[in-house]
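Residue numbers (the numbering used here), protein chains in the order written: chain G, 1 to 218; chain Z, 219 to 436; chain H, 437 to 654; chain V, 655 to 872.
From the three backbone atoms N, C-alpha and C, an ideal C-beta is built for every residue, glycine too.
4 protein chains.
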Amino acid sequence: MNVANSKQTAAPAHSGLENYRRRVSATKRRSILDAARDEFQHNGFTRAAMAEIARKADVSTATLYKHFNSKEELFSAVITEAYERIEETDANLGEQGTVEEVITKAANNILSAQFDQGLNALMRAVIAEVSGQPEIGREFFERGVIQRQQAVAKILDKLVQRGLLKQHDTEISAQEVSGMLRESLIWPALFDPSFRLPKDKDKLIAEAVATLVARYGK
Amino acid sequence: MNVANSKQTAAPAHSGLENYRRRVSATKRRSILDAARDEFQHNGFTRAAMAEIARKADVSTATLYKHFNSKEELFSAVITEAYERIEETDANLGEQGTVEEVITKAANNILSAQFDQGLNALMRAVIAEVSGQPEIGREFFERGVIQRQQAVAKILDKLVQRGLLKQHDTEISAQEVSGMLRESLIWPALFDPSFRLPKDKDKLIAEAVATLVARYGK
Amino acid sequence: MNVANSKQTAAPAHSGLENYRRRVSATKRRSILDAARDEFQHNGFTRAAMAEIARKADVSTATLYKHFNSKEELFSAVITEAYERIEETDANLGEQGTVEEVITKAANNILSAQFDQGLNALMRAVIAEVSGQPEIGREFFERGVIQRQQAVAKILDKLVQRGLLKQHDTEISAQEVSGMLRESLIWPALFDPSFRLPKDKDKLIAEAVATLVARYGK
Amino acid sequence: MNVANSKQTAAPAHSGLENYRRRVSATKRRSILDAARDEFQHNGFTRAAMAEIARKADVSTATLYKHFNSKEELFSAVITEAYERIEETDANLGEQGTVEEVITKAANNILSAQFDQGLNALMRAVIAEVSGQPEIGREFFERGVIQRQQAVAKILDKLVQRGLLKQHDTEISAQEVSGMLRESLIWPALFDPSFRLPKDKDKLIAEAVATLVARYGK
DNA sequence: CATGAATGAGTATTCATTCAT
DNA sequence: AATGAATGAATACTCATTCAT
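Set out below in structure tokens:
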């Protein structure tokens, strides 16, 4: 089920005019999504106002509703786009470097996406909407959380292959290391919008790696 | 003057009238808190309606406001109460039993509060309000997260004292074990209201303990 | 409680007890009226709150309603009492002194009542209630304004008798001199609660007297 | 709609659509102001209800708030408009006619505004709000009282210039004549909503003029 | 296709008055 | 007689969504 299934633009006929229109439409859609993301990040779902999103996107509310049938749908589209961005990371991590180097790199990749791109704020917005739109929450979890853990598991697999860690269930170890880091570096951000990454974050990462290695190292 | 006097001298500390009123008042307060918890759990803070809470509690809105000056105050009272219930539990944990027994017990205490008493839903409600009212989030974090970790650290301290774990910074290990468990057992509940504790939760706890012991065991 | 109370006051026959009760009741009525006047002066009729009046008077709201059936009735009582105070002034003014001396004295009497006893604020409250309770407005005008003009007319009559002014319709001249003074000294207070009597008020009075004398002097 | 048309309608400053909207908007604003004036005159500021004003104006409350950001702003607009209507009247008064003719004319201008256009009721509404919102009172006083007196002073200046009155401080004489007339013709209306201009009002005006002339005439 | 004015249902909070003890 | 908790009706203001042009 794709909850982000918003209105599709009309079937393509290739006149110059229609191309122009499609271009204009795409531009507006783009600016609406940007404005919406901004609003949702700053105000959460409920307090974000459609009128304000329209204003920021420089379109009328009616145009906004031409592109997205409802506030929920718009939110869903913003979220979908957000985890599309997430999925682009850590392609071939783990193939070289020590365990600590690899995991530190992976952790920093995730953390920078989380903090610099405003994912924390979006995550709060999603959680806020869980009771109203459970599918969004589940989909976000599936794509934004599980997939990421699987990516971490893959990295750990590579470390196992390279003989740096012993054979074990990397799904569990991935959860464990993710959890240890999330606890101190992401969890606080859920409750405090002004929370920033602490200066000693690399030390915290090193500690988690040490614990991981104590259990799974060779 | 005379009247005030008679009130002080003649009236016993707890007249029948005052007792009656106190009783009624306490009853109403109780039903308001129950109704409010229910509403906040189901609808979050913003969408919960004071009128509906009053209806569920079978009082007028004005009575509701006699007991709690604002929606925020009511919400805060609900949260506070939820935590008071927990804090009574793991009082003298850690003084006997193996590491695994102790931590399994502590974990189950926390988990039952989260799931059986609806704390997950309240947590979502709090997170939903963070962008609009940051104080609520910070207060909850202080009480619900930090204090909890300190409780875990104290338990670990006892295990160290008993010689079951080696000397180490228990603040960090408390974070680590909390994080490992939260990752698989609480984090999903944030995004999926129908998430229930998995059947193999004790195995997950055991894994986390094993990792902890690998690093900090003697 | 009530029993202990009556034992203390030792009421053998009903006369003593009733006296006591009447005294208490009168005291309460007095403090209610004082509190109400204060509230109405500061907040006007609509914004004045019965609960606050009760609090200031140190009685319960129920007691308050035992004495006055409604907010309107209480207001009416406050106003009635206010112009009873007004009517007590300028008994035998005009029998000696120059025209200017006499009128300056009379004017200052009125002005001090108006400003020092908070009549301006009560006047605003009355005017505010005119659309809701026209009788109060009319009665206040009758007793507070007309009677005062008649008092002024009497004073002018005495001046005529003493040969300081020529024969004329003193009802009209009383209106004229009242109006001239009210214009600059009372009218502004209707619109500005912080308005205070100007330092040159005696000059303004002198001007009005000069105009009066120009027309009606001998 | 054809291609050329749609391109054109995107750009022009005053399309038919905009004209239409301007027209509709102006109409609604007009009916809102009328409804609001009516409500404020009958119920005063506090008791007037925005919902009722909207109903009378045949618009939704939201539309009402599109035009005026708050109840205060709407009230202020009503007051301002009431005064704009008056200020257009006595433009070049005083350039011809006798003293009595000129002042009678000016007085009648003011009186018709007060009585026929319901300014008395608005004035009561303003006074009612003075204790709660002093700015409203001061603004009204500035516009409604001070400006009016200055207008009268200007008229008197012209009479001085024409040699009908002797040189004097017309600010004071303006206050005097205003006060004399207000006393008998406007002051009663503050306290009695059913007060109507008396039949002998022209005689009262004549008396005031006579007094004025006695002091300041040549 | 784009507009933005208009909608109406919804919300937190207040207050004069009553009622059970 | 006195209390003060409880009431319920009332109010200003907001916002997602629609509609006439």
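**Asked** For the segment 33–63 of chain G, which residues have a CB atom closer than 7 angstroms to at least one CB atom of chain Z, in sequence order?
**Response** H42, N43, G44, T46 and R47
**Request:** Look up V:L819 in the DSSP assignment and give the residues it is bridged to.
**Result:** Numbered from its first residue, the fourth sequence carries residue 819 of chain V at position 165. Paired residues: V:G871.
**Item:** CA-to-CA distance, Z:A254 to Z:A339, given in whole angstroms
**Value:** Counting from one through the second sequence, the residue named residue 339 of chain Z turns up at place 121. Counting from one through the second sequence, the residue named residue 254 of chain Z turns up at place 36. Taking the straight line from one Cα to the other gives about 13 angstroms.
**Item:** Test: H:A644 CB closer than 9 angstroms to a CB of chain V
**Value:** Sequence index remark: in the third sequence, residue 644 of chain H carries index 208 (1-based). Judged by the 9 angstroms Cβ criterion, H:A644 is in contact with chain V.
**Runs of alpha helix (DSSP H) lying entirely within the segment 75–151 of chain G, each at least 4 residues, in chain order** = 99–116, 119–129 and 134–140
**Prompt:** Do H:R651 and V:A868 have their C-beta atoms closer together than 9 angstroms?
**Reply:** As a first step, residue 651 of chain H is located in the third sequence; it is residue number 215 there, counting from the start. As a first step, residue 868 of chain V is located in the fourth sequence; it is residue number 214 there, counting from the start. Against a cut-off of 9 angstroms, the Cβ pair of V:A868 and H:R651 comes out as a contact.
**Prompt:** In three-state terms, what does DSSP make of Z:I250?
**Reply:** For this step, residue 250 of chain Z is matched to residue 32 along the second sequence. Looking at Z:I250 - three-state DSSP - the assignment turns out to be helix.
**Request:** Please decide whether H:S506 counts as near chain V, where near means a Cβ-Cβ distance under 9 angstroms.
**Result:** Position 70 of the third sequence holds residue 506 of chain H. No, because no Cβ of chain V sits closer than 9 angstroms to the Cβ of H:S506.
**Asked** Are G:L181 and G:V99 closer than 9 angstroms when you measure CB to CB?
**Response** In the first sequence, counting from the first residue as 1, residue 181 of chain G sits at position 181. In the first sequence, counting from the first residue as 1, residue 99 of chain G sits at position 99. Cβ atoms of G:L181 and G:V99: not closer than 9 angstroms.
**Asked** Taking just the CA atoms, how far does Z:F333 sit from Z:D276?
**Response** If you number the second sequence from 1, residue 276 of chain Z lands on position 58. If you number the second sequence from 1, residue 333 of chain Z lands on position 115. Computed Cα separation, rounded: 27 angstroms.
**Pairwise C-alpha distance: V:I790 and V:I809** = By 1-based counting over the fourth sequence, the position of residue 809 of chain V is 155. By 1-based counting over the fourth sequence, the position of residue 790 of chain V is 136. Looking at the two C-alpha atoms, the distance is approximately 28 angstroms.
**Message:** Can you look up Z:F409 in the DSSP assignment and give me helix, strand or coil?
**Reply:** Here residue 409 of chain Z refers to the residue found at position 191 when the second sequence is read from its first residue. If DSSP states are grouped into helix, strand and coil, Z:F409 belongs with the helices.
**Inter-stretch contact at 8 angstroms, needing at least 3 Cβ pairs: the segment 690–706 of chain V / the segment 729–736 of chain V** = yes
**Prompt:** Comparing alpha-carbon positions, which option in G:K166, G:K203, G:S178 and G:F45 lies nearest G:A106?
**Reply:** Taking the first residue of the first sequence as 1, we reach residue 106 of chain G at position 106. Of G:K166, G:K203, G:S178 and G:F45, the residue nearest in Cα terms is G:S178.
**For V:R836, the first and last residue of its enclosing alpha helix (DSSP H)** = Translated into positions along the fourth sequence, residue 836 of chain V becomes position 182. Run containing V:R836: T824 to L839, per the alpha helix (DSSP H) assignment.
**Residues near G:E253 by beta carbon distance below 7 angstroms, same chain, minus five either side** = An answer regarding residue 253 of chain G cannot be provided, because it is not within the stretch 1 to 218 covered by chain G.
**Prompt:** Along chain G, in chain order, which residues have C-beta atoms closer than 8 angstroms to that of Z:F409?
**Reply:** Counted from its first residue, the second sequence places residue 409 of chain Z at position 191. What Z:F409 touches in chain G: V126, I127, V130, G137, R138, F140, F141 and V145.
**Asked** Under the rule that 16 or more other beta-carbon atoms within 10 Å means buried, what is H:A484, buried or exposed?
**Response** In the third sequence, the residue the question calls residue 484 of chain H occupies position 48. Looking at its Cβ environment, which holds 16 or more other Cβ atoms inside 10 Å, H:A484 is buried.
**Message:** Taking CB distances under 9 angstroms as the criterion, tell me whether V:R836 reaches chain H.
**Reply:** Residue numbering aside, residue 836 of chain V sits at position 182 when the fourth sequence is read from its first letter. It does; some Cβ of chain H falls within 9 angstroms.
**Prompt:** Expressed to the nearest angstrom, what Euclidean distance is found between the alpha-carbon atoms of G:G163 and G:V152?
**Reply:** For the purposes of this step, residue 163 of chain G is taken as residue 163 along the first sequence, with counting starting at 1. For the purposes of this step, residue 152 of chain G is taken as residue 152 along the first sequence, with counting starting at 1. In a straight line, the C-alpha of G:G163 is about 17 angstroms away from that of G:V152.
**Message:** Quick check: the Cα distance between H:A549 and H:F504, rounded to an integer number of angstroms?
**Reply:** Translated into the one-based positions of the third sequence, residue 549 of chain H becomes position 113. Translated into the one-based positions of the third sequence, residue 504 of chain H becomes position 68. Roughly 26 angstroms between the two C-alpha positions.
**Message:** Quick check: what's the CA-CA separation for V:K872 versus V:Q821?
**Reply:** Working through the fourth sequence from its first residue, we reach residue 872 of chain V at position 218. Working through the fourth sequence from its first residue, we reach residue 821 of chain V at position 167. V:K872 and V:Q821: Cα-Cα distance of roughly 9 angstroms.
**Item:** Proximal chain Z residues relative to G:M172, where beta-carbon distance stays under 7 angstroms
**Value:** Counted from its first residue, the first sequence places residue 172 of chain G at position 172. Residue identity differs from the one stated: residue 172 of chain G is Ile in this sequence, not Met. Simply E425.
**Prompt:** Could you give the distance in angstroms between the alpha-carbon of V:G698 and the alpha-carbon of V:I859?
**Reply:** Position 44 of the fourth sequence, counted from the first residue, corresponds to residue 698 of chain V. Position 205 of the fourth sequence, counted from the first residue, corresponds to residue 859 of chain V. If I take the Cα positions, the gap works out to 30 angstroms.
**Asked** Which residues in the same chain as H:L648 place their Cβ atom closer than 6 angstroms to its Cβ, once the five residues preceding and following it in sequence are excluded?
**Response** Taking the first residue of the third sequence as position 1, residue 648 of chain H is located at position 212. Cβ within range, chain order: V613.
**Message:** If you reduce the DSSP assignment to three classes, tell me which class H:L592 lands in.
**Reply:** Mapped onto the third sequence, residue 592 of chain H falls at position 156. In the structure shown, H:L592 sits in a helix (DSSP, three-state: H, G or I).
**Asked** Between which two residues does the alpha helix (DSSP H) harbouring V:R709 extend?
**Response** If you number the fourth sequence from 1, residue 709 of chain V lands on position 55. Per DSSP, V:R709 belongs to the alpha helix (DSSP H) from M704 to A711.
**Asked** So the alpha helix (DSSP H) V:K720 belongs to, where does it begin and stop?
**Response** The residue you call residue 720 of chain V lines up with position 66 of the fourth sequence. Unbroken alpha helix (DSSP H) run through V:K720: T715 to H721.
**Prompt:** How would you call H:T655, buried or exposed, if buried means at least 16 neighbouring beta carbons within 10 angstroms?
**Reply:** Any question about residue 655 of chain H goes unanswered here, given that chain H covers just 437 to 654.
**Message:** Does the CB of V:L866 have a neighbour CB from chain H at under 9 angstroms?
**Reply:** Against the fourth sequence, residue 866 of chain V aligns to sequence position 212. Yes - at least one Cβ of chain H is within 9 angstroms of the one on V:L866.
**Asked** Between G:S178 and chain Z, is there a C-beta pair that is closer than 9 angstroms?
**Response** For the purposes of this step, residue 178 of chain G is taken as the residue at position 178 of the first sequence. Cβ-Cβ to chain Z under 9 angstroms: yes for G:S178.
**Prompt:** Does the Cβ of G:I103 have 16 or more other Cβ atoms within 10 Å, making it buried, or fewer, making it exposed?
**Reply:** The residue you call residue 103 of chain G lines up with position 103 of the first sequence. Per the 10 Å Cβ criterion, buried.
**Item:** Which of helix, strand or coil DSSP assigns to H:D636
**Value:** On the third sequence, residue 636 of chain H is found 200 positions in, with the first residue counted as 1. Residue state, collapsed to three classes: coil.
**Request:** Measure the Cβ-Cβ separation of V:V799 and H:F627 and say whether it is below 9 angstroms.
**Result:** The count along the fourth sequence starts at 1 and reaches residue 799 of chain V at position 145. The count along the third sequence starts at 1 and reaches residue 627 of chain H at position 191. Their beta carbons are under 9 angstroms apart, which means V:V799 touches H:F627 by this criterion.
**Request:** Compare the C-beta of G:R215 against all C-beta atoms of chain Z and say whether one is closer than 9 angstroms.
**Result:** By 1-based counting over the first sequence, the position of residue 215 of chain G is 215. Interface residue, yes.
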